[in-house]
Amino acid sequence: MSAEGAALGSRHTPLIERFRERLPFAPEDPVVTLQEGSTPLVHAPVLSQMLGARVYLKLEGANPTGSFKDRGMTCALSAAVRDGAKAVICASTGNTAASAAAYAARAGITCAVIVPEGRIAQGKMAQTLMHGARVISLQGNFDQALELVRELTDSHPIVLVNSVNEYRIEGQKTAAFEIDEDLQGELELLCIPVGNAGNITSYWRGFAELGAAPRLFGFQAEGAAPLVLGHPVTHPETIATAIRIGNPVRWEDAMSAAVESRGSIRAISDQDILDAYRLLAAREGMFCEPASAASVAGLLRYGPDGARVVACVLTGRGLKDPETAIANHDGHIIQCVAERAAIEEAVLGEP
Ligand code: F0G
């Protein structure tokens, strides 16, 4: 570990340092880190009560750019720098873009991102622009964007940092190590949203490397559920823009993860997602983005199926997508003039 890292103590150990013996990096390799990983696993009393199981939430929004992507990106960018790359690129529904942009800024290399026009949440766009990435707004969806960047990187020396990149999967598998450690091997079921299917692939790899065998329940939004339907979806639609994906690149790996773990990949409606999104915020105090709530929505819809210890991955934080929150909360704002009586009525009067 670097001297700077050592001074801060183990909770602050960068992901590659913490799990180096299980990752494809040598001690002398450069590490591009924002001190990602080691995220909280928080008990969820309300969900536990509702479901009759011990339910935990893995808060991946606690990563530096606010999503689980940072686990994969520290590895993808460290490998890119080690291998002499000067530029990275990705297609993204927003979080991969924000993470790639941040780690590229840290590494001092160029980053370009291709995002579907009008379909990326504002917080993610703000991050990506602030980190100085070149943002290309595509008149098309995520699947088209990914197809185009794959073609581009075939003929130009730019490193692709989508989850086709093996380093992304390697980095993201560490979340499984952390959960297994925190629950001392007691996890019986993991619920996770599925979009491009890199993350469910990563978790399964992580658990398999440990010889742990929780069941994996993956959840897709009904309007963007190719893995459930068994064929690509040409025009995916869902309020959860992060998982608005019709042709996941890790299709086979995700299906293997579901089958080998004796789990499943199932669909939930946008209404289920919004209900879980509001419940998490209002009752558990956890504000995640809509795609993240898909894990809890699926658990509530289908139940824990006999599992006694369950973890739901909250993949990204709520602040990523303020528009959806403002449009879907149960609260209201009370207008008030600056006078004592009016304030009294506003604070203490009938709601
Ligand atoms: N949750 C969030 C918040 C995401 O941003 C994503 C994917 C997923 C879940 C699904 O993970 O793709 O590994 O199955 N976001 C990608 C992006 C596609 O471009 O940010 P997956």
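Residue 675 is where the sequence shown starts when you use my numbering, and the numbers rise one by one after that.
Yeah, the Cβ is synthetic: ideal placement off N, Cα and C, and Gly gets one too.
Who are the Cβ neighbours of residue i in its own chain at under 6 Å, not counting the five residues just before and after it?
| i | result |
| --- | --- |
| Glu958 | Ala718, Val720 |
| Ala899 | Ala941 |
| Thr998 | Pro964 |
| Ala775 | Cys785, Thr802, His805, Ala807 |
I want to check one thing, is the minimum distance from the CB of residue i to the heavy atoms of the ligand F0G below 7 Å?
| i | result |
| --- | --- |
| Gly711 | no |
| Gly872 | yes |
| Gly990 | yes |
| Lys743 | yes |
| Asn769 | yes |
| Glu963 | yes |
| Val868 | yes |
| Ile668 | Outside the displayed range of the chain (675 to 1025) lies residue 668, so it cannot be described from this structure. |
| Ser766 | yes |
| Ser837 | yes |
| Ser752 | no |
| Ala775 | no |
| Ser966 | yes |
| Met919 | Checking the sequence, you will find Ile at residue 919 rather than Met. Yes; taking the cut-off as 7 Å, the Cβ of Ile919 has a heavy atom of the ligand F0G nearer than that. |
| Ala850 | no |
| Ala1088 | Residue coverage of the chain in this structure runs from 675 to 1025, which leaves residue 1088 outside it and unanswerable. |
Compare the C-alpha of residue i against each of the options and name the closest.
| i | options | result |
| --- | --- | --- |
| Ala786 | Gly792, Thr770, Arg793 | Thr770 |
| Pro831 | Val755, Ala898, Phe961, Gly792 | Val755 |
| Val835 | Ala1001, Trp878, Tyr777 | Tyr777 |
| Leu988 | Leu708, Leu689, Gly726, Phe742 | Phe742 |
| Pro701 | Arg982, Thr875, Ser752, Thr848 | Ser752 |
| Arg744 | Thr707, Ile783, Leu812, Glu825 | A small fix is needed here, since residue 744 is Asp in this sequence, not Arg. Nearest C-alpha to Asp744: Thr707. |
| Phe851 | Gly711, Glu1024, Ile1000 | Gly711 |
| Arg889 | Gly897, Tyr877, Asp927 | Tyr877 |
| Leu954 | Ile1008, Gly885, Ile690, Leu731 | Leu731 |
In its own chain, which residues sit with a C-beta less than 7 Å from the C-beta of residue i, not counting the 5 before and 5 after it?
| i | result |
| --- | --- |
| Phe816 | Ala765, Thr767, Pro790, Arg918, Ile919 |
| Ser722 | Arg728, Val729 |
| Leu820 | Ala765, Asn836, Val923 |
| Ala916 | Thr767, Gly768, Asn769, Gly869, Glu963, Ala965, Gly990 |
| Lys798 | Gly768, Asn769, Ala771, Ala772, Lys994 |
| Gln709 | His686, Pro688, Pro738 |
| Ala677 | With a pLDDT of 47 at Ala677, under the threshold of 50, the modelled position of this residue cannot be trusted, and the question is left open. |
Take residue i and list the residues in its own chain whose beta-carbon comes closer than 8 Å to its own, dropping the five residues that flank it on each side.
| i | result |
| --- | --- |
| His909 | Asn815, Gly920 |
| Gly726 | Pro978 |
| Met724 | Leu974 |
| Arg952 | Asn1002, His1003, Asp1004 |
* To do: Can you check the region 826–912 for any alpha helix (DSSP H) of at least 4 residues that lies completely inside it and give the ranges in chain order?
  => 840–846, 848–856, 872–884, 900–903
* With a floor of 4 residues, list each alpha helix (DSSP H) that falls wholly inside the region 979–1005, ordered by position along the chain. => 996–1002
* Contiguous beta strand (DSSP E) assignments of at least 3 residues, all confined to the region 751–795 -> 761–765, 784–790
* Could I get the ranges of all uninterrupted beta strand (DSSP E) runs contained in the region 680–717, with 3 residues as the minimum, in chain order? => 715–717
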